[in-house]
Each structure stands twice: as structure tokens, then as C-alpha cells.
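What follows is a single structure, written as C-alpha cells, with notes after it.
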Amino acid sequence: MAQLSLKDIYKSFGDTKVIHGVDLEVASGEFTVFVGPSGCGKSTLLRMIAGLESVSAGSVTIDGQDVTHAEPSERGVTMVFQSYALYPHMNVYDNMAFSLKMNGAKPADIDAKVRKAADILGLHNLLERKPKALSGGQRQRVAIGRSIVREPKIFLFDEPLSNLDAELRVQMRLEIARLHQDLDATMIYVTHDQVEAMTLADRIVVLNAGLIEQVGAPQTLYEDPDNMFVGRFIGSPKMNFVAGTVTGQSKGSVDVSLDGYDGVSVKMKRGRPDATLGTKVMIGIRPEHFSAKGKIRLGVKVNFVENLGSTSFAYVSGPDGTELTVEVGDLAAAAGSEASIGFDAANAFLFDAESGMRL
Ligand SMILES: Nc1ncnc2c1ncn2[C@@H]1O[C@H](COP(=O)(O)OP(=O)(O)OP(=O)(O)O)[C@@H](O)[C@H]1O
Ligand SMILES: [Mg+2]
């Protein structure tokens with residue numbers, strides 16, 4: 214278990230600037246998840262923590278010790294890759310034992326650690342197998358086992374489950390959650406999967422183009438996004454945005470008329486004073502917050518309905534053609550028909566259209 218701190222981290226590859234000043238504190242035992250669009254720098258950050266990539270500027274500290282320029286092996290950090298990266302010619306036992314052997318550990322200690330990891334991961338019957346004779350999920354478990362035997366201060370995972378089929382992902386996700394509970398370890402985990410991020414994380418770090426947009430508990434990011442990027446990124450299906458203009462002001466709230474819906478106006482609470490008359494804004498509404506009873510009524514055309522069994526989503530368009538995704542719930546929505554959908558201002562978010570920041 215260890216505390217990690219990243220201070221003002223920058224990274225360039227030649228002339229290409231990739232990370233533009235990242236500050237992050239990870240508490241001991243915390244499960245931190247990095248999310249963000251492809252290419253935003255998640256793997257690069259993880260590799261810099263592991264020492265597999267040099268840091269262009271800034272510092273990496275583990276348990277108060279500056280490891281910015283330390284060798285990977287001196288950091289007490291292990292990394293599990295999407296590609297597993299197992300040694301194909303070694304069996305499961307030797308794959309897990311390899312790093313301990315290289316470090317000159319005693320055979321009895323190696324054996325105890327490998328068997329304990331195999332027990333934790335349900336691999337004890339597979340120790341003699343070579344990787345090619347294992348399923349994807351079993352291979353991924355061996356890769357995790359290789360981390361466990363090293364008893365790292367910090368576990369790093371770079372999209373460890375993305376090569377697995379849906380069912381196995383769910384199973385492995387639960388196993389990683391259990392592992393975190395049992396080992397009480399500090400873990401940093403990169404994923405593209407909303408469900409993994411929401412369920413595994415103590416805190417989610419939302420990255421965008423080499424910068425942190427927001428850090429917070431999953432529920433906080435869902436209920437209180439700082440900006441449109443986070444609003445759109447956390448939640449599935451994504452948050453909808455309806456363009457509007459501030460047409461009235463009073464203390465603590467503004468009246469917003471919705472540009473694409475003639476005569477429809479919303480009284481929105483505001484947290485900042487800069488929502489002045491005439492400000493172009495975006496109202497963010499999550500698909501699950503539309504209902505038959507919502508007070509703000511929008512007349513829309515239903516284009517498609519997707520039925521997922523437990524729920525269904527309607528893809529609708531407003532009078533100006535802008536599209537919205539709506540969880541059908543108690544709404545009447547048949548493809549090709551006109552519908553009236555509603556939402557309440559209390560569930561909606563107010564953003565500045567230009568800066569994307571919450572107002
Ligand atoms: N060795 C390298 N040389 C030059 N550019 C690199 C190198 N490694 C990464 N990059 C660039 O740095 C940026 C961040 O890459 P990184 O792999 O960290 O993204 P990521 O967030 O992990 O993306 P993904 O979700 O696709 O894995 C990308 O634009 C990538 O092209
Ligand atoms: Mg990556």
C-alpha cells in the first residue's frame with residue numbers, strides 16, 4: 214500500500230507535447246481509474262508512474278520518496294498490460310515466478326508466493342500449462358498473478374480486460390474488485406468501459422488531451438460535472454445538450470429560452486455570476502431524466518427506438534433537427550410518431566456554450 218503524488222507532470226515525445234501539467238494525489242489503498250478519449254495520455258501517464266517512460270518535467274513521488282528518475286524495478290510498482298505480455302515458452306508457474314527468480318529470491322519463498330497468488334486467482338490447477346493452452350481470461354489472470362507475487366506498493370492496470378468477451382469481463386471485474394478488497398492495495402486502472410470505471414473506482418480521473426478535466430467519486434462526476442466534457446463522458450448513453458439563451462435573471466437563477474423549441478423556457482439554478490443576459494448556454498439533460506411527468510415539455514419526432522429488454526431508448530429530434538437520446542420509461546414513444554417528452558430543471562445542468570464550464 215502506498216501513496217502516490219504526481220506534481221506538474223509534462224511529457225513530450227520529440228516535438229509532440231502529450232501531457233500538459235498533471236497534478237494528482239492518490240491516497241494509500243485507493244482505487245483510482247483513468248478515463249478519457251483515445252490518445253489523451255492515459256497509458257503515457259501510467260508508464261511514467263511505472264518508470265517505463267521518462268518524465269519531461271515534474272515529479273513522481275511514492276510514499277514521500279521522489280522516484281521521478283528511479284528505475285522501474287526500484288519503484289515497487291507493477292503494471293498489467295492489455296496484451297498480457299506473458300512469456301510463451303514458460304508455463305504458468307514460471308511466468309509468475311520469473312521476476313522473483315531474477316531478483317534472487319529463495320526458491321521456498323518463490324514457491325509460497327506463486328502458490329498463494331495461484332490460490333487467489335484460481336490458477337492452482339493450471340500451473341503446468343503454457344500460455345497458448347489458456348483462455349484469454351486465464352492468461353489475464355496469470356498476468357495479474359505476476360503482479361501479485363511481487364507484492365507491489367502500487368498496482369497499475371492498462372485496460373486489462375479489453376480483450377475479453379463480455380461475460381468474462383464481468384467476472385474479471387468482480388475479481389479485480391475482490392483483489393483490491395483483499396490486498397487493500399493502491400491500484401490505478403485505465404479503462405474505456407463506463408461500467409468498470411463506475412463500479413471499480415473510489416475516484417475517477419477524467420483526462421482530455423493531456424490534462425485532467427475533473428477528479429472525483431463516480432457519483433460526484435455523474436451528479437456534479439464541472440464542464441460539458443465530463444458531463445458527456447460520464448454516463449451512458451451520453452448526456453444530451455440543448456442550446457439556449459439567458460433571457461432573464463434573478464438571484465441564484467436564470468431563465469433560459471431553448472433556441473430550438475419555440476416558446477420553451479427553463480428556470481435554471483446557477484452557481485456562478487457569469488450567466489448574464491444574452492449568454493449562450495447549453496442545458497445538459499441525461500437520457501434517464503426525461504419522463505412523461507417532467508414539467509419542461511419538448512415536442513419531438515421519434516426516429517428510432519432501441520429495446521434492450523430491461524429498458525429502451527428513443528432517438529428523437531427537435532423542431533430544428535437536433536437529436537436527443539431519451540430513455541423511454543413511462544413515455545409513449547413509437548418510431549415515426551410525434552411525442553411530448555418532459556424533464557425537470559432540477560435534473561438538468563447549465564453550461565456556458567463557449568467555454569463548456571458549468572454556470
Ligand atoms: N513513443 C511515442 N512517440 C510519439 N508519440 C507517442 C508515443 N507514445 C504515445 N504517443 C502519443 O501520445 C499520445 C497519448 O498516447 P497514449 O498511449 O498515452 O494515449 P491513451 O490515452 O492511452 O490512448 P488509448 O485509449 O488509445 O490507449 C497519443 O497522441 C500518442 O500518439
Ligand atoms: Mg492507452
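Residue numbers (this note's numbering): 214 to 572.
Even for Gly, the Cβ is constructed at its ideal location relative to N, Cα and C.
Any non-hydrogen atom of ligand 1 within 8 Å of Lys255 CB: Yes; taking the cut-off as 8 Å, the Cβ of Lys255 has a heavy atom of ligand 1 nearer than that.
For the alpha helix (DSSP H) containing Met261, name the first residue and the last one. Note, Met261: alpha helix (DSSP H), 255-263.
The alpha helix (DSSP H) that contains Tyr306, what's its start and end? It spans 305-315 - the alpha helix (DSSP H) in which Tyr306 sits, taken as one unbroken run.
Within 8 Å, do at least three Cβ pairs link the stretch 490-504 to the stretch 536-545? Three or more pairs of CB atoms, one per stretch, sit closer than 8 Å, so the stretch 536-545 contacts the stretch 490-504.
Quick one: measure Cβ to Cβ for Thr291 and Phe368, integer angstroms, because I've assumed they're closer than 8 Å. Taking 8 Å as the upper bound for CB-CB distance, Thr291 and Phe368 are in contact here, some 6 Å apart.
Arg354, DSSP secondary structure in three states: Helix.
Looking only at its chain, what residues have a beta carbon closer than 8 Å to the beta carbon of Ala283, apart from the 5 residues adjacent to it on each side? Gly264.
Cβ separation of Glu372 and His405, assumed to be a contact under 8 Å, to the nearest whole Å: The beta-carbon separation of Glu372 and His405, rounded to 7 Å, stays under the 8 Å limit for a contact.
If I measure Cβ to Cβ from Ala270 and keep anything under 6 Å in the same chain, skipping five residues before and after, which residues do I get? So the qualifying residues of the chain are Tyr223.
Does any residue of chain C bring its CB to less than 9 Å from the CB of Ser470? Although the question refers to chain C, the structure presented lacks it and comprises just one protein chain.
Ser550 by DSSP, collapsed to three states: which one? Correct three-state label for Ser550: coil.
Quick test of your reading: Val362 and Lys319, contact by CB under 8 Å. State the CB separation rounded to the nearest angstrom. Incorrect: roughly 13 Å between the Cβ atoms, too far for contact.
Closer than 8 Å: Phe226 CB and nearest ligand 1 heavy atom: Result yes, Cβ under 8 Å from ligand 1.
Asn520 to Lys329, Cα distance in whole Å? When rounded, the distance between both Cα atoms is 45 Å.
Applying the criterion that 16 or more other CB atoms from any shown protein chain within 10 Å of the CB defines a buried residue, is Leu490 buried or exposed? Exposed: under 16 other Cβ atoms inside 10 Å.
Flag this pair as touching only if the stretch 385-392 and the stretch 417-430 have three or more C-beta atom pairs under 8 Å; answer yes or no. No, the stretch 385-392 does not touch the stretch 417-430.
Taking only the alpha-carbon atoms, compute the straight-line gap between His233 and Gly358 and give it to the nearest angstrom. Inter-residue distance for His233 and Gly358 is about 34 Å (C-alpha atoms, whole angstroms).
Since Ala546 and Ala561 should fall inside the 8 Å C-beta cutoff, what is the C-beta to C-beta distance between them, to a whole number of angstroms? Incorrect: roughly 20 Å between the Cβ atoms, too far for contact.
Would the C-beta of Thr229 count as close to ligand 1, meaning under 8 Å from any of its heavy atoms? Yes, ligand 1 has a heavy atom inside 8 Å of this Cβ.
Presumed contact (8 Å Cβ cut-off) between Met481 and Ala566, rounded CB distance: Rounded, the Cβ-Cβ distance is 13 Å, inconsistent with contact.
Using 8 Å as the Cβ pair cut-off and three pairs as the minimum, do the stretch 343-356 and the stretch 304-315 touch? Touching, yes.
Reduced DSSP secondary structure (H/G/I, E/B, other) of Ala559: Correct three-state label for Ala559: helix.
So His233 is in the alpha helix (DSSP H); what residue range does that whole segment cover? Run containing His233: none in the alpha helix (DSSP H); it sits in the beta strand (DSSP E), 229-239.
Separation of Leu572 from Phe442, as counted between CA atoms: The straight-line gap separating the alpha-carbon atoms of Phe442 and Leu572 is approximately 14 Å.
What are the boundary residues of the beta strand (DSSP E) that Thr433 is part of? Per DSSP, Thr433 belongs to no beta strand (DSSP E); it is in the alpha helix (DSSP H), 431-436.
If you run the structure through DSSP and keep just helix, strand and coil, what is Val280? In the structure shown, Val280 sits in coil (DSSP, three-state: anything other than H, G, I, E or B).
Whole-angstrom distance between Ser553 and Gln507, CA atom to CA atom: Note that residue 507 is Gly in the sequence shown here, rather than Gln. Roughly 10 Å between the two C-alpha positions.
Please determine, among Thr524, Leu392, Gly534, the residue with the shortest C-alpha to C-alpha distance to Asn516. The option with the nearest alpha carbon to Asn516 is Gly534.
Contacts around Gln462, its chain only, beta-carbon distance under 8 Å, and the 5 residues preceding and following it disregarded: Asp468, Ala488, Thr489, Leu490.
Does DSSP put Asn376 in a helix, a strand or coil? For Asn376, the three-state secondary structure derived from DSSP is coil.
Between the CA atoms of Ser218 and Ala422 - distance to the nearest angstrom: Rounded to whole angstroms, Ala422 to Ser218 spans 20 Å at the Cα level.
Sub-9 Å separation of Phe247 and Tyr435 beta-carbons: No, they are not a contact pair.
How would you label Val239, buried or exposed, when you count the other beta carbons within 10 angstroms and need 16 or more for buried? That one is buried.
Selection from Ile496, Asp437, Ala310, Leu237 that minimises the alpha carbon distance to Ile425: Checked all of Ile496, Asp437, Ala310, Leu237; the closest Cα to Ile425 is Leu237.
What does DSSP give as the partner residue(s) for Leu219 in the beta ladder? Per DSSP, the beta bridge partners of Leu219 are Leu237, Val273.
Taking only the alpha-carbon atoms, compute the straight-line gap between Asp276 and Val293 and give it to the nearest angstrom. One C-alpha to the other measures close to 21 Å.
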